[in-house]
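Student: Sharing a structure, written as structure tokens. Questions coming.
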Amino acid sequence: MSGETAQPMDRRETEIEQGWRRFVQNLKRSAVEQGRIFMRSRMAVAGLLILVFYLLVAFVSPYVVPYEPYERVYTADGSWAKLQPPSAAHPLGTTEAAHDVLTQLLLGSRIAMFVGLLGAFMVAVIGTTVGVVAGYYGGWVDEVVMRVVDVLYGLPFIPFVIVLVTVLGASVWNIILGIALLYWLSTARVIRSEVLSLRERPYVEAARAAGASDFRIMSVHILPNVIPLSALYAAIAVGYSIVAQASIAFLGFGDPTIPSWGVMLQRAFVTQAFGTAWWWVIPPGLSITLVVTGAYLVGRGYEEVVNPQLQQGQ
Amino acid sequence: MVNKRYLVRRLFLMVLSLFTVITVLFFLFRMVPGGPMAAITSPRMNEAARQAVIEQYGLNEPMWKQYLLYMVNVLQLDFGQSFYYGESVSSLVADRFLNTMSLMLTAFVISYTVGTYLGAQLGWLRGTTKERAGMLVVLLVRSTPVFWTGMIVLYLFSFQLDLFPLGGMRGFEASYTTNAEKFLSLDFLYHLVLPVFTLCTFYTGLPLLLMRNNLLEVLSEDYIDTARAKGLTDRRILLRHAARNAILPVVTAFAIAIGFAVGGQVLIETVYSWPGLGREMVKAALRSDYPLAQGAFVLLSIIVITMNFVADLTYSYLDPRVKLGGS
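Chains A and B, in that order, are what the protein sequence lines are.
For the first sequence, position 131 (counting from the first letter as 1) is numbered 131 according to this note's numbering, and the numbering increases by one without interruption.
Quick note, this note's numbering runs 314 ahead of the 1-based positions in the second sequence.
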């Protein structure tokens, strides 16, 4: 290759680099801007605080819990400390197998936050990618993808995960697999319809006329416009995923060796101890409710940022 | 209005969905650890009995032949025999289906009636502290896992107050000859109260939110101003002019929500030992009773797919502005 042809190639590359830098700068600016609007909503901030609190608990709990999750606790006379009501030594009492409830509750936040965040991430990534590709290309690609979505809508979620777990074994990963396989559907549908209108915008046409590749148009010109929507669906998916994991564990298909809120409730249920041991039942259920509410509030707060019509409504 | 081409396409899609679901299930259940063989033969069986069982279930045939056999059987609604009950899966599943639907539909009808009413009220109160408090309650209740609500309700009303049964669908001395007799008896209703109440706490949220949001939209329409200018009472405006027009999306949501809720029934059925489809499927999966688990799953899918179909059609029928599948 001669020098004359290499010259314009180099110039084009620096232009692309500039484009990307501007892209990152714009993204940063809009993130700061959006953060400011977000913080104005008290509900959204409350939701964020709940999430941050449980996230901290998840990180810190292994170092601060006084017992092992399945360590048997004994009373002074050497018998099992079964179903003890809350006391100074056990602020949330003990279970029917003489385990400390508070320890299990704190450690349970780890699985919940892990499944919630990873589930939400998968939902956002898969849903957005599929939605953008289907909406951008249209035609048979769109047709095929959307029919696959329709077909998957026919699978009831919990029974499907039960089958998955029966076949592949009881582990958190298989529950996440179920979430990744079935929860992206609505996200993909919404993103796709958004992209259908975005791709007709003049600036997309301009980019195409300037010779931008499909990949570049999708990632630089279309993706930033749908990220707010994906973020909203991701926030809601945090809650869905946590409830899904707890539900599956409650039905007895969770991994019983790892303490989780669902497994705690399942043990309280199958031993019928929930009829008396309120201290064992209320904390995990309440924690699930709080985290799910928190995630939802964050999602709604962000929706207000994105949709100015909702702000006027306040 | 529903156009014919759309209807045909939508029907085709429904059949395709069913076919895919059934196929996926067939292969999933053959990947079970130890294979379906592990569940039906025990080490105590002699060789002849073993062979007979293998023969009976066609387990010695090559995979594609098993698949064909399975598909032909499914088309005839024959899902084989339950390993555990020794009865035909179809009749077992049909019986459990009635139990599931009786619980779920009761809860849905109550939730949607109450939800629509409360939603209209909240929409009308918009901007007040009452409305904010109401919305927060709805939000919290909707975030609560339904099986936990069930446990708390049981703790209060059965364990502590001893007002209602702990679960199940009938008392010890109750026996019925027909289904009508069973579902209309007082004993059945008595067992129905707590699970329906629990489900209602969860299901009321969606129609409530939908109704509220639609009402807010409708209230900004010109004809509401006209009604106001005519000097009509608030009550009349809300009921005769606003609520009527806001209710359409709630009707569609009813069908969609049933489709989505079917799979989740297993939770409430487990908490209240309700002999429904979902609980039977879970028990079957835990016992490795694969034909029954498969049959129950297929029926659940059929309900979901059919309800989605119904929802799409109602949507286009009720709101002529919605054009589906092009003109």
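For each residue, glycine too, the CB sits at the ideal point set by N, CA and C.
Measure from the alpha carbon of A:L286 to the alpha carbon of each residue in A:Y63, A:E304, A:I242, then state which is nearest.
Tutor: Counted from its first residue, the first sequence places residue 286 of chain A at position 286. Ranking the options by Cα distance to A:L286, first place goes to A:I242.
Student: List the residues of chain B whose Cβ lies closer than 7 Å to the Cβ of A:I176, in chain order.
Tutor: The residue given as residue 176 of chain A occupies position 176 in the first sequence. Those within 7 Å of A:I176 in chain B number zero; the least Cβ separation is about 17 Å.
Student: If we count the other Cβ atoms within 10 Å of its Cβ and call it buried at 16 or more, is B:T512 buried or exposed?
Tutor: Along the second sequence, one-based indexing puts residue 512 of chain B at 198. By the neighbour-count rule (16 or more Cβ atoms within 10 Å), B:T512 is buried.
Student: Measure the C-alpha to C-alpha separation of B:E401 and B:T414 and round it to an integer number of angstroms.
Tutor: By one-based count along the second sequence, residue 401 of chain B stands at place 87. By one-based count along the second sequence, residue 414 of chain B stands at place 100. When rounded, the distance between both Cα atoms is 20 Å.
Student: For a contact defined as C-beta to C-beta under 7 Å, what are the partners of B:T334 on chain A?
Tutor: Working through the second sequence from its first residue, we reach residue 334 of chain B at position 20. Under the 7 Å cutoff, chain A gives V151.
Student: Could you name each continuous alpha helix (DSSP H) segment of 4 residues or more that falls completely within the stretch 222 to 270 of chain A, going from the start of the chain to the end?
Tutor: As far as the stretch 222 to 270 of chain A is concerned, its whole alpha helix (DSSP H) runs of at least 4 residues are 223 to 248, 261 to 270.
Student: Select from B:R323, B:F343, B:Y320 the residue whose C-alpha is nearest the C-alpha of B:V612.
Tutor: Looking up residue 612 of chain B in the second sequence gives position 298. Closest option to B:V612, Cα to Cα, is B:F343.
Student: Could one say the Cβ of A:I111 lies closer than 9 Å to chain B's Cβ atoms, at least one of them?
Tutor: Along the first sequence, one-based indexing puts residue 111 of chain A at 111. Cβ-Cβ to chain B under 9 Å: no for A:I111.
Student: If A:V226 and A:E194 are in contact, beta carbons under 8 Å, what's the gap, nearest whole angstrom?
Tutor: In the first sequence, counting from the first residue as 1, residue 226 of chain A sits at position 226. In the first sequence, counting from the first residue as 1, residue 194 of chain A sits at position 194. So it is a contact: roughly 5 Å between Cβ atoms.
Student: Verify the CB distance criterion: does B:L327 have a CB-CB separation below 9 Å to chain A?
Tutor: The count along the second sequence starts at 1 and reaches residue 327 of chain B at position 13. It does; some Cβ of chain A falls within 9 Å.
Student: Check whether chain A comes within 9 Å of B:N622, counting only Cβ atoms and requiring the distance to be less than that.
Tutor: Walking along the second sequence from the start, residue 622 of chain B turns up at place 308. Chain A, which has a Cβ nearer than 9 Å to the Cβ of B:N622, makes this yes.
Student: Please classify B:Y398: does DSSP put it in a helix, a strand, or coil?
Tutor: Along the second sequence, read from residue 1 onward, the residue named residue 398 of chain B stands at position 84. Of the three classes helix, strand and coil, the one that applies to B:Y398 here is coil, per DSSP.
Student: Using a Cβ cut-off of 8 Å, pull out every chain B residue sitting near A:L251, in sequence order please.
Tutor: For the purposes of this step, residue 251 of chain A is identified with residue 251 of the first sequence, where counting begins at 1. What A:L251 touches in chain B: V580, L581, T584, V596.
Student: Out of A:E17, A:V190, A:L106, A:I248, point me to the one whose CA is closest to B:V580's CA.
Tutor: Start at 1 with the first residue of the second sequence, and residue 580 of chain B comes out as number 266. Out of A:E17, A:V190, A:L106, A:I248, A:I248 has the C-alpha closest to the C-alpha of B:V580.
Student: When Cβ atoms are compared, which residues of the stretch 433 to 445 of chain B fall closer than 7 Å to chain A?
Tutor: Answer in chain order: no residues at all.
Student: Using C-beta distances below 8 Å, list every residue in its chain close to B:Y537, excluding the 5 sequence neighbours before and after it, in chain order.
Tutor: Translated into the one-based positions of the second sequence, residue 537 of chain B becomes position 223. Cβ within range, chain order: H555.
Student: Within the continuous alpha helix (DSSP H) that includes B:K379, where are the two ends?
Tutor: Looking up residue 379 of chain B in the second sequence gives position 65. It spans 377 to 389 - the alpha helix (DSSP H) in which B:K379 sits, taken as one unbroken run.
Student: In chain order, what residues of the same chain lie with their CB nearer than 6 Å to the CB of B:V576, ignoring the 5 residues before and after it?
Tutor: Against the second sequence, residue 576 of chain B aligns to sequence position 262. The residues are L614, I617, V618.
Student: Is the shortest distance between the beta-carbon of B:M465 and the beta-carbons of chain A less than 9 Å?
Tutor: Counting from one through the second sequence, the residue named residue 465 of chain B turns up at place 151. Yes, B:M465 counts as interfacial toward chain A.
Student: Please determine, among A:L251, A:T257, A:S260, the residue with the shortest C-alpha to C-alpha distance to A:F269.
Tutor: Walking along the first sequence from the start, residue 269 of chain A turns up at place 269. Of A:L251, A:T257, A:S260, the residue nearest in Cα terms is A:L251.
Student: Do you know whose CA, among A:F53, A:L102, A:Y54, A:L56, lies nearest A:Y70's CA?
Tutor: Position 70 of the first sequence, counting from 1, holds the residue named residue 70 of chain A. Cα-wise, what sits closest to A:Y70 is A:L102.
Student: Does the Cβ of A:T187 have 16 or more other Cβ atoms within 10 Å, making it buried, or fewer, making it exposed?
Tutor: Against the first sequence, residue 187 of chain A aligns to sequence position 187. That one is buried.
Student: Any C-beta of chain A sitting closer than 9 Å to the C-beta of B:G592?
Tutor: Walking along the second sequence from the start, residue 592 of chain B turns up at place 278. At least one chain A Cβ lies under 9 Å of B:G592.
Student: Going along the chain, which residues of the stretch 399 to 419 of chain B sit with their C-beta nearer than 7 Å to a C-beta in chain A?
Tutor: Against chain A - using a Cβ distance shorter than 7 Å - the stretch 399 to 419 of chain B contributes no residues.
Student: Between the alpha carbons of A:I282 and A:L105, how many angstroms are there, rounded?
Tutor: To locate residue 282 of chain A, count along the first sequence from 1; it is residue 282. To locate residue 105 of chain A, count along the first sequence from 1; it is residue 105. Looking at the two C-alpha atoms, the distance is approximately 11 Å.
Student: For the stretch 134 to 162 of chain A, list every residue whose C-beta sits within 8 Å of some C-beta in chain B, in sequence order.
Tutor: Listed by position along the chain: R147, D150, V151, Y153, G154, L155, P156, F157, I158, P159, F160, I162.
Student: Taking all protein chains shown into account, decide if B:N528 is buried (16 or more other Cβ within 10 angstroms of its Cβ) or exposed.
Tutor: Numbered from its first residue, the second sequence carries residue 528 of chain B at position 214. Buried is the call here.
Student: Check each candidate in B:L325, B:D603, B:T334 and name the one with the smallest Cα separation from A:T166.
Tutor: Along the first sequence, one-based indexing puts residue 166 of chain A at 166. Among B:L325, B:D603, B:T334, the Cα nearest to that of A:T166 is on B:D603.
Student: For B:T458, decide whether its Cβ has a neighbour in chain A, counting only Cβ atoms nearer than 9 Å.
Tutor: For the purposes of this step, residue 458 of chain B is taken as residue 144 along the second sequence, with counting starting at 1. By this cut-off, B:T458 is an interface position.
Student: For B:K444 and A:G262, what's the separation of their Cα atoms in angstroms?
Tutor: Taking the first residue of the second sequence as 1, we reach residue 444 of chain B at position 130. Taking the first residue of the first sequence as 1, we reach residue 262 of chain A at position 262. Those two C-alpha atoms are separated by around 34 Å.
Student: Between the stretch 234 to 241 of chain A and the stretch 289 to 296 of chain A, do three or more beta carbon pairs fall short of 8 Å?
Tutor: Contact between the stretch 234 to 241 of chain A and the stretch 289 to 296 of chain A is present, because at least three Cβ pairs lie under 8 Å.
Student: Per the DSSP calculation, A:Y302 is bridged to which residue(s)?
Tutor: As a first step, residue 302 of chain A is located in the first sequence; it is residue number 302 there, counting from the start. DSSP, once it has assigned bridges, lists no residue as partnering A:Y302.
Student: So with Cβ pairs under 9 Å, would you call B:M345 a contact of chain A?
Tutor: For the purposes of this step, residue 345 of chain B is identified with residue 31 of the second sequence, where counting begins at 1. Yes, B:M345 counts as interfacial toward chain A.
Student: Within a Cβ cutoff of 8 Å, which residues of the same chain sit near A:V141, ignoring the five residues on either side of it in sequence?
Tutor: By one-based count along the first sequence, residue 141 of chain A stands at place 141. Only V133, A134 meet the Cβ criterion.
Student: If we ignore side chains and look at the alpha-carbon of each, how far apart do B:E531 and B:A560 end up?
Tutor: Translated into the one-based positions of the second sequence, residue 531 of chain B becomes position 217. Translated into the one-based positions of the second sequence, residue 560 of chain B becomes position 246. Going by the C-alpha atoms only, they are around 8 Å apart.
Student: Does any residue of chain A bring its CB to less than 9 Å from the CB of B:Y469?
Tutor: By one-based count along the second sequence, residue 469 of chain B stands at place 155. Yes, its Cβ sits closer than 9 Å to a Cβ of chain A.
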